[in-house]
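What follows is one structure encoded as structure tokens, with my remarks underneath.
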Amino acid sequence: MAKFWKAFSNFLREKKNQSAQALSDPVRDGRYAVGDSEKRIMQFESKVATLMAETKRLERQKADADADVGKYQAAAEKAVEAGGDEDARNLLEAKAQAQARSASLQTDIDRNRQLVTQLRDQLGKARAKVARAKTNLTQLAARHEAATVRRELAKAASDFGAGGSPLAALDDLQKSVDAEETEAEALEELASQQTSADEVAAGYEARSAPDIEAELAKLKAQKGK
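Residue 1404 is where the sequence shown starts when you use our numbering, and the numbers rise one by one after that.
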């Protein structure tokens, strides 16, 4: 019983492997891989575009901060001229805050620009890689199709020479006809031999049969007739 279950388990495993091979399609899988890569590139492009838009927003904010620096500087100078030291002090503090904001924005802008440059470089490489993959897929699909046709033709040629091929029936018919013709020739030869034997026997019987006329003449001679 253990051997039976072992054999049955191996049978199921073999069927599973055959099913997996039947479901496998490298060309189809390659197309899906290229399609998935193109989708990822589109998502990547969207993220890069978002980062570039964010960088432009930061650049506008920095421009506003730089404008505030100039505005507060001019106002502080007028306050000093008018003797408003307290106002000048407040304006200079506002100017310092605007300068700090501008410096912070510039740091973010530089970081984003560097990141955008890197991402665009990666994006270009990814596009080139997918383009090569699509070209290779087209070539590999054609080679795969040709290999499949060649394999099927080779298998068909092998099957034609095998005993189980459709043409094997013609071979069997040829053998059957040859056997029937041989048997017919043998029977004809036997019949011919039998006819010859009968003819020979009849000849001997004819020679051995009594000659009635000769015997009658002899009898008449004896009786003086």
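Note that the Cβ used here is the ideal one computed from N, Cα and C, for glycine as well.
Computed from a predicted model, the values in this text were never measured in an experiment.
Residue j beta carbon less than 7 angstroms from that of residue i
| i | j | result |
| --- | --- | --- |
| leucine 1508 | glutamine 1464 | yes |
| alanine 1491 | alanine 1482 | yes |
| alanine 1468 | arginine 1443 | no |
| leucine 1494 | alanine 1506 | no |
Rounded distance between the beta-carbons of residue j and residue i, thought under 8 angstroms
| i | j | result |
| --- | --- | --- |
| valine 1472 | glutamine 1502 | 5 angstroms |
| valine 1533 | valine 1437 | 6 angstroms |
| glutamate 1448 | leucine 1526 | 6 angstroms |
| leucine 1351 | glycine 1433 | There is simply no residue 1351 to check, as the chain begins at 1404 and stops at 1628 in what is shown. |
Selection from the options that minimises the alpha carbon distance to residue i
| i | options | result |
| --- | --- | --- |
| glutamine 1500 | Lys1621, Tyr1435 and Gln1476 | Gln1476 |
| aspartate 1511 | Ala1529, Asp1439 and Lys1459 | Lys1459 |
Boundaries of the alpha helix (DSSP H) in which residue i is found, first to last residue
| i | result |
| --- | --- |
| aspartate 1428 | From DSSP, aspartate 1428 is part of no alpha helix (DSSP H); its letter is neither H nor E. |
If contact is defined by three or more beta carbon pairs under 8 angstroms, each pair taking one atom from either stretch, is the segment 1511 to 1520 in contact with the segment 1452 to 1470? The segment 1452 to 1470 vs the segment 1511 to 1520: in contact.
Should the segment 1429 to 1446 be called in touch with the segment 1535 to 1546, which here means at least 3 C-beta pairs below 8 angstroms? Verdict: yes, contact present.
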